[in-house]
Every structure is written in structure tokens, then in C-alpha cells.
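Q: One line per chain: the protein sequences are A and B, in this order.
The opening residue of the first sequence carries number 2 in the working numbering; numbering runs sequentially from there.
The opening residue of the second sequence carries number -5 in the working numbering; numbering runs sequentially from there.
Glycine included, each C-beta is placed from N, C-alpha and C at the ideal position.
I am attaching a structure below and will ask some questions about it afterwards.
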Amino acid sequence: MELDKRILNGDKRACARLITMVENNEKEGIDIVKKIYKHSGNAHVIGITGPPGGGKSTLTDKLAKELRKRGKKVGIIAVDPTSPFSGGSILGDRIRMQDLATDPGVFIRSMGTRGNLGGLSKSTQSAIKILDVYGADYIFVETVGVGQSEVDIVKTVDTVVMIMVPGLGDDIQAIKAGVMEIGDVFAVNKSDLDGADKTALELEMMLDMGFKDDKKPKVLKVSSSKNEGVSTLLDEVISHMDYMVDTDKLQKRREENAKVEILNLVEEEIMQMVLGKTKTGQLLDEISKKTALRKTNPYDGKDIIVKSIKE
Amino acid sequence: MERPIRVLVAKPGLDGHDRGAKVIARALRDAGMEVIYTGLRQTPEQIVATSIQEDVDVVAMSILSGAHNHLFPSVVKLLNKEGIEDILVIGGGVIPEDDIPSLKEAGIAEIFTPGTPTTETIRYIKENVKR
């Protein structure tokens, strides 16, 4: 049977193989994604983001188990960083999800960022669609541990769960621009530690000053290691989806997400055109050298490159 | 771009010595591979389920408990049961020389014992991946 039909039938190996093909940018794989795309859009896609060591994987594990109790099929995409030097990576999120490995209703895939900077890899979007067609009711997308500006997740999913932990900074950190703006639900994890109430309060105060939609995101305290507050958090995530469906915001958000995805693909293609042209590539090397020696500057360099592309 | 080789580094069995597995994971990372590291105490069923979902090229297992004669072949058997023939299965750890021939017969492609330079393991993987 063909790969697309096997995925529609919920075949795990077919699903895994197609994700690999897309990750490796194989044309055959991309053609299959084009074919199955119309069958996607049914899953609720949930982003899990937060600082390194904040408990994203453990919380994802617990949320997935809660959904399994409710009889739902779950997909998980866990992204970890790729080395900028060797191109290799250690993808270790599964360590926190051991019992889920053999659950027939769960599919977990680890991905390296492969040079992408926004907290995800560039094939994450397609991997979501593949898991959606494969039959996942809920898909978790766990980002790399984020600092202040990895916000790609908000343009990729339906609901963003921003995980915070006690003791990382004061209320000024909370009102800075960037990752703190993207949460649809805030979870203060490790709430059994000192300072959780203060962190939750600071988040509430930040949100009192304004938020992106007309629904103020909830701040919930959880302890994923003790499995406390997880069910309430899941209810809140689902209620965010209900709110978006009721207010027609879901369509708008998915339009925005599609726009970003298309623009990223366009950008990638243009970059390949630029760097693929041997003449432009050589020119770039020359100009970079001159710029480093201060014989020219990046702005004039840009003009030369653009002129060369137009030729 | 050349596609990175995906390797599952797993520790089957009940011993808690994961230093070797971590050294290998790090060495493979530095050789440009994507290493899925699942940690301690994996059952053969978990290892096979993970290999399928992660679509790995290689399963690298480390064992120091002495249960290699049982656990390594069970993983190969389960993979074959799933109809998977294109994954390279290798093992490492404190494994007596005498056990190696029967392990190879059971489908473990190569066994790396203590003292093997990581460069040797990397070379072996690069030369022997099946797809």
C-alpha cells in the first residue's frame, strides 16, 4: 500500500518514515504531504514552551497520560537543539516519557532543530500535519528550552502553554517583550518549590497590564513530578480551544500560521537561489572578506548581491 | 545537505551504569549524528517501539549487567517480528569474548567491548548503515 493510504489508516511506521523524508527535504515526501494535507486540521495542536529544565517534557508526559485516560489519541513532537558545529544532536526528551513509548495510542517523535533558530525545526509544521492525518486527536509540540525570543511556536500551534518555574527572575523579566507575550495559558511548574506563589502573582500582574486576545490567560500552578494540577491545566487548554472555536478566532489564527509557513518556505527557496548560484556564492565570499577587512560594508555588499541575483 | 544518521542509544536491563552510553551518545553527536537517548532500564518492547516512531537507522545498546545474551537477541527478534530488517543493531558493554559469536548469530551486527575507541564505533556505523 502507498505511504499516504497507510498513514490515513494509522500506520506508525509509515508515519515515522514520512516525517523522516520531510525532515530530509526529500521531494517524494513533500509530494505526499501535499496529497494528505487536506485531511489535516482536525487535531488540537498545543505548544509547550518554557526555559531549559522547566519541566516541559515531564509535563507533556503527564498531560498526554491525562488525555489517554480520557480516551484520546496523542501525538508528541519534541524538539531539541542541533549542534551548530557538528550538525549532530542529543534528543533526550523521551527520557521523561518512558511509559508512553509502548502505548499504542501515543506517537512520539524527537526532532533536532537542524539550524533553525526559533525554538522549532523547519519541518515541525509538516510533522504536525502528518501526525494529524495519522489520527492524533491532540498534538503536543515541545520546543527547545527557550530564552527570551524563541517565539516560532505561537505561529505554529492553536494553544501555547508557557511554562514558568519559581526563582528565575523578577517582575521586570515578566514584562519584557518576547516569550512572555505568547502564552495562552501559563503554568507555574515545580509549584512544590519555594517562590511559586510569587512567580504566579508576578505573572498575574504582568497579565493585568494587558494581553494579546480579549481573554486573559489563566495562570495555573502545577507540579508535574507530583502530578498535581495537571488535569486542571488540561481542562484550561481545552477551554482555550473552545473559546477560539466559539469566537471564530481559530480560523484567523490558522490563517496567520499558514501565512508564516508559506513565507518561511518562500524565504528558504530564495536563499537557496542566492546561495545556489555559484557566481553569487563566490561573490558573497569575496564581499564577506572585504567587509571583515573594513574595505566595504554590509549595506553595499547587499546591493552587489541583489544586483547579481537580478542578472 | 547530507541527511544525519539517526541512532537510538538505549540501555536495556536493570543496571544503572549509563556512563558508557552517555560517552557514546556524545561521541555520535560530535560525529554529526542525531542521537535519541532514552535512558536507563528500557525493555526490549520500549526499544522497538521507540525505534519505529523515531525511524532510526541504528539501535545501539549498552549493557553491563550480564543479561546481554537474553536482552540483545530479544530486541532483534521483536524488530524482525515487526518486519524491520533495515535497522543496524549493535551492542556494547562488558561482554565476554565467548558470548560474541552467538550474539552475532542472533543478529547483533557488532559488539564493542570496553577500550574500543569511539572513533571505531563511529566508523563502523557510517560504513554499515543499511539505508
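Quick one: residues in its chain with C-beta nearer than 6 Å to the C-beta of A:Ile183, no 5 flanking neighbours on either side, listed in chain order?
A: Val152, Val155 and Val161.
Q: Answer with yes or no whether the minimum CB distance from A:Asn228 to chain B is below 8 Å.
A: Answer no: the Cβ-Cβ gap between A:Asn228 and chain B never drops below 8 Å.
Q: Keeping to the same chain, check which residues put their C-beta closer than 6 Å to that of A:Gly282; ignore five residues upstream and five downstream.
A: Only Leu276 meet the Cβ criterion.
Q: Please state whether DSSP places B:Pro6 in a helix, a strand or coil.
A: Note: B:Pro6 maps to strand in three-state DSSP.
Q: What residue range does the beta strand (DSSP E) around A:Ser226 cover?
A: Note, A:Ser226: premise wrong, no beta strand (DSSP E); not H, not E.
Q: Using a threshold of 8 Å, state whether the C-beta atoms of B:Pro29 and A:Gly89 are closer than that.
A: Here residue 29 of chain B is Val; the residue named in the question, Pro, does not match the sequence. Going by C-beta atoms, B:Val29 is nearer than 8 Å to A:Gly89.
Q: Against chain A, with Cβ distances strictly below 8 Å, would B:Asp9 count as a contact?
A: Not one chain A Cβ lies under 8 Å of B:Asp9.
Q: Name the residues in the segment 74 to 94 of chain B whose C-beta lies less than 7 Å from a C-beta of chain A; which are they?
A: Flagged: no residues at all.
Q: Roughly how far, in whole angstroms, is the beta-carbon of A:Ile33 from the beta-carbon of A:Asp5, given that I think they are within contact range, below 8 Å?
A: About 5 Å; that satisfies the 8 Å criterion.
Q: Tell whether a beta-carbon distance below 8 Å holds between A:Asp193 and A:Lys219.
A: No.
Q: Helix, strand or coil, according to DSSP, for A:Leu266 in the structure here?
A: If DSSP states are grouped into helix, strand and coil, A:Leu266 belongs with the helices.
Q: By Cβ distance, which residues of its chain are closer than 7 Å to B:Asp93, with the 5 residues on each side in sequence left out?
A: If we look at B:Asp93 and ignore the five residues flanking it on each side, its Cβ neighbours are His62 and Asn63.
Q: Quick one, which residues of the segment 87 to 111 of chain A are near chain B if we go by CB-CB under 8 Å, in chain order?
A: Flagged, chain order: Ser87, Gly88, Gly89, Ser90, Ile91, Leu92, Gly93, Arg95, Ile96, Gln99, Ala102, Thr103, Phe108, Ile109, Arg110 and Ser111.
Q: Would the beta-carbon of A:Val189 fall within 8 Å of that of A:Val147?
A: No. Outside cutoff.
Q: Give me the Cα-Cα distance between B:Glu104 and A:Ala17, rounded to the nearest whole angstrom.
A: One C-alpha to the other measures close to 26 Å.
Q: Under 7 Å Cβ to Cβ from A:Met242, same chain only, skipping five residues before and after it: list those, please.
A: Excluding sequence neighbours, A:Met242 sits near His45, Asp159 and Thr160.
Q: Using the Cβ count rule (16 or more neighbours within 10 Å means buried), how would you classify B:Ala73?
A: Note on identity: in this sequence residue 73 of chain B is Leu, with Ala being the wrong assignment. Answer is buried; the Cβ neighbour count reaches 16.
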